[in-house]
Amino acid sequence: MNRVGKYAISEVVDDLELMNMVFELPEKDKMIMWSEGYIDHVIDKLPEYARDILANRKEKWEDTKEFYEKKLEEIVNKNEFKKMLKSERKEFALFVKEQYQEYQSLLFLIYDSNLKDDDLRKFVYRRRFGANKRYLH
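Reminder that position 86 of the sequence shown reads as 85 in numbering that gives the first Met the number 0, one-by-one numbering, no gaps.
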């Protein structure tokens with residue numbers, strides 16, 4: 000949790016100070032608040048006139064998350080994928096690596112029946128600010 004999140008959760012919060020702290024945050028840190036799930040606490044503590052600073056961004060990120068949820072749903076509903084879900088992990092891994100490398104982390108969570116909302120949020124964050132930069136050679 001970043002400094003702004005810790006301050007927003009504390010008992011005594013000055014809404015103007017919090018607003019200034021939010022203004023100073025880079026986009027990446029604002030998205031971290033969303034991906035880790037404490038952005039709602041920060042939005043609630045902001046002054047009424049400043050809430051849309053984060054609310055609009057949060058809505059945009061939620062839309063992106065829904066897009067990926069729909070993509071995953073399309074993949075999971077394919078007969079070929081359903082068949083591979085029943086296979087051994089090694090076969091499934093080779094299939095995912097060939098067909099859906101982009102969604103590989105999420106598909107393995109589906110295979111393990113362990114996909115959570117937080118995982119999707121972190122996936123959206125990594126897609127936007129990921130450490131895995133693809134360079135052209």
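We treat Cβ as the ideally placed atom computed from N, Cα and C, and that holds for glycine.
Burial state of Asp14, where buried means 16 or more other Cβ atoms lie within 10 Å | It counts as exposed.
Of the listed residues Leu45, Glu97, Glu90 and Ile31, nearest to Asp118 (C-alpha basis) | Residue Ile31 is the option with its Cα nearest to Asp118.
DSSP state of Leu135, grouped into three classes?
-> Because Leu135 carries a pLDDT of 46, less than 50, the predicted location of this residue cannot be relied on, and the following value inherits that uncertainty. Assignment of Leu135 by DSSP, reduced to helix, strand and coil, places it in the coil class.
Alpha carbon to alpha carbon, how far is Lys29 from Asp116?
-> Separation of Lys29 and Asp116 (C-alpha to C-alpha, rounded to the nearest whole angstrom) is 18 Å.
Tell me which same chain residues have a C-beta within less than 7 Å of the C-beta of Ile38, skipping the five on either side of it?
-> Only Met32, Leu53 and Lys57 meet the Cβ criterion.
From Arg127 to Lys69, what distance separates their C-alpha atoms?
-> Arg127 and Lys69: Cα-Cα distance of roughly 18 Å.
Just the C-alpha distance for Glu87 and Leu93, rounded to the nearest angstrom, thanks.
-> Distance between the alpha carbons of Glu87 and Leu93 is about 10 Å.
Is it true that the CB of Phe122 sits closer than 9 Å to the CB of Ser104?
-> Cβ atoms of Ser104 and Phe122: closer than 9 Å.
Answer yes or no: do Ile74 and Tyr110 have a C-beta to C-beta separation smaller than 9 Å?
-> Not in contact: Ile74 and Tyr110 (Cβ atoms no closer than 9 Å).
Could you check what DSSP says for Tyr124 in three-state terms: helix, strand or coil?
-> Helix at Tyr124.
Neighbour-count burial assignment, Val95, 16 or more Cβ in a 10 Å radius | Result: buried.
Note down, in chain order, each residue of its chain lying with its Cβ closer than 8 Å to the Cβ of Val3, except the 5 sequence neighbours on either side.
-> Same-chain partners within the cutoff: Leu17, Met20, Val21, Leu24, Asp28, Met32 and Val41.
Return helix, strand or coil for Arg50, following the three-state DSSP convention.
-> Arg50: coil per DSSP, three-state reduction.
Taking Val12 as the reference, which of Lys77, Tyr102, Ser112 and Leu45 has the closest Cα?
-> Residue Leu45 is the option with its Cα nearest to Val12.
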